Amino acid sequence: MESGKMRPAAYKRMRPEDEEELDEAEWAHRAEAQRLRRRKGERYVFTCAVFASLNAVLLGYGQSASSSSSST
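Dropping the structure here:
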């Protein structure tokens with residue numbers, strides 16, 4: 001395949017009339033599912049931040065404590 005040629009995009013353009021109609025129950029169900037996904041993602045990010053902080057504190061403290069005790 002030649003590097004100068006690109007394949008055309010095969011995306012389908014959506015028109016407003018192609019969208020499905022949702023009733024109130026379906027909207028509520030999708031909103032609840034979105035809220036649960038967002039909460040799960042926030043929990044994951046918080047957990048990663050806690051472990052990263054613990055890692056920095058524990059490894060950093062061990063390094064500075066050993067260097068300060070050896071210098072005295």
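Each residue of the sequence shown is one higher than the one before, counting from 1 in the UniProt record's numbering. Positions of the beta carbon are idealized from the N, C-alpha and C atoms, including for glycine. Note that this is a predicted model, so its numbers are computed, not measured.
**Report entry** Where L22 sits in the DSSP three-state scheme
**Finding:** Translated into positions along the sequence shown, residue 22 becomes position 22. Secondary structure of L22 (DSSP, three-state): coil.
Query raised in the report: Taking the alpha-carbon positions, what's the V50 to A33 distance?
Result: By one-based count along the sequence shown, residue 50 stands at place 50. By one-based count along the sequence shown, residue 33 stands at place 33. Those two C-alpha atoms are separated by around 26 Å.
Report task. Whole angstroms is fine: what's the gap from G41's alpha carbon to L58's? Result -> Within the sequence shown, residue 41 is the residue found at index 41, counting from 1. Within the sequence shown, residue 58 is the residue found at index 58, counting from 1. Roughly 26 Å between the two C-alpha positions.
Query raised in the report: Would you report the Cα separation of A52 and G60, rounded to the nearest angstrom?
Result: Locating residue 52 in the sequence shown gives position 52, where the first residue counts as 1. Locating residue 60 in the sequence shown gives position 60, where the first residue counts as 1. A52 and G60 have their C-alpha atoms spaced approximately 12 Å apart.
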